[in-house]
Amino acid sequence: MALNKPSGLSSQGGRGQVNTLDELLWAFAKPGKARPRLIHRLDRDTSGVILTAKTKPAASFLGKHMMGRRFAKTYRAIVTPGAPDPAQGAIEEALRREELGREAYMRVCPPDHPDAESAKTRYRTLSRGADAALLELNPETGRMHQIRVHLASIGRPISGDVRYGGALAVGGHPVPRLMLHAAALSFPHPDGGTKVIEAPVPADMQKLIDLLGLA
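Okay, so the sequence shown: first residue is 325 according to my numbering, each after it adds one.
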């Protein structure tokens, strides 16, 4: 079962998290049965496709293939101050986790750092304007905040990403939230073949895309 998660809803519980998607999944549980299991997570402020499994065998099957990097994820993001150069390419920078008080961040680090985790994100510019660009992103690894940190590392932070230097206004237009959306997910299906699920860009993000001339 796939869901289109709204921005602002945490996937699972954590520090200070009360209402989460994981808890809401009880609404889909049959009497006396367990709730569907989350197969992966999205950041709280990221919208889009998130996958669950209704049975334990399905969860095991999907989890195994996700760990084997058989899942293909496609994201959309609005970045500033414009399109990256080159307009298409890959960002391959190791990341490490850093705790600052009650908050966790990811930082680019040398690959030989003792806490380094390899990370790679492919990107492609879909459209560009005077103040921003719309990118398609395909992470090949699944590190926390990976896309956000990688884009910030090349000077193209995601609009609304205050944690990693994103702008709160672009071209005179306010940015209501993190402009990152999980648009599509491709994965092996337990019944055979490959399944592709897509989620339309939310209205608030589409509005900003239109205002910035990125449609």
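By construction, the Cβ of each residue, glycine as well, lies at the ideal position given by its N, Cα and C atoms.
Contact between residue 494 and residue 404 is confirmed by a C-beta separation of about 6 angstroms, below the 8 angstroms threshold. In the DSSP assignment, residue 474 falls within the unbroken alpha helix (DSSP H) covering 470-477.
A distance below 8 angstroms separates the beta carbons of residue 469 and residue 367. Contiguous beta strand (DSSP E) elements confined to the region 325-385 occur at 326-329, 371-377, taking only those with 3 or more residues. By the Cβ neighbour-count rule, residue 348 is exposed, with fewer than 16 other Cβ atoms within 10 Å of its own. Pairing residue 441 with residue 373, the inter-Cα distance amounts to about 25 angstroms. In this structure, DSSP gives residue 508 an extended state, which the three-state scheme calls strand. A Cβ-Cβ separation of about 15 angstroms leaves residue 445 out of contact with residue 411 under the 8 angstroms criterion. A distance below 8 angstroms between beta-carbons, with the five flanking residues on each side excluded, links residue 330 to the following residues of its chain, in chain order: 371, 526. From the listed residues 461, 326, 539, the smallest Cα separation to residue 365 is found for 326. According to the DSSP secondary-structure assignment, residue 393 is paired through a beta bridge with no residue.
DSSP, read as helix, strand or coil, puts residue 494 in strand. Taking a C-beta distance under 8 angstroms as the contact criterion, residue 514 and residue 385 qualify as a contact pair.
In the structure shown, residue 529 falls within a helical segment according to DSSP collapsed to helix, strand and coil.
Non-local beta-carbon contacts of residue 484 in its own chain, meaning distances under 6 angstroms to residues more than five positions away in sequence, involve 490, 499, 501, 502, 503 in chain order. Within the same chain, 344, 346, 362, 365 come within 7 angstroms of residue 336 by CB-CB distance, once the 5 residues on both sides are set aside. Ranked by Cα distance from residue 402, the options 428, 512, 456 are led by 456. Separation of the CB atoms of residue 467 and residue 419 is rounded to 5 angstroms, and the pair is thereby assigned contact status at 8 angstroms.
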